[in-house]
Amino acid sequence: MPCLVCASSNQTEFVAEVHIHFPEFENSGKPGVLIFPKLLVCLDCGFASFMTPGSELAQLCATDEPHA
């Protein structure tokens with residue numbers, strides 16, 4: 037699949053470590069969710085994307101706060 041931004045096929049997959057924090061001030065005491073996704077990086081424009089694994093996605097969805 038070509039890059040979504042520049043349509044280049046010059047992309048490489050990397051293993052990444054991403055710590056997702058909850059943005060609301062009320063959730064400042066909540067621990068973030070640490071994930072290790074495969075990160076697809078376009079080597080021409082720098083656009084990067086990843087999929088959040090199911091178990092970590094469930095952790096993100098399990099907050100009491102409504103999401104926009």
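In our numbering, the protein residues as written are 37 to 104.
Each residue gets a CB set at the ideal place from its N, CA and C atoms; glycine is no exception.
All figures in this text were calculated on a predicted structure; none of them were measured in a lab.
Cβ neighbours of S85 within its own chain (closer than 6 Å, five residues either side excluded): L76.
Per the DSSP secondary-structure output, S85 pairs in a beta bridge with L76. With contacts defined as CB atoms closer than 8 Å, F72 and K66 fail to qualify as a contacting pair. Residue G82 holds the alpha-carbon nearest to the alpha-carbon of E49 among V69, I56, H55, G82.
Secondary structure at E92: helix, using DSSP grouped into helix, strand and coil. From the listed residues Q47, G68, C78, the smallest Cα separation to L93 is found for G68.
Residue nearest to V41 within the set P89, L70, C97, C78 is C78 (criterion: CA-CA distance).
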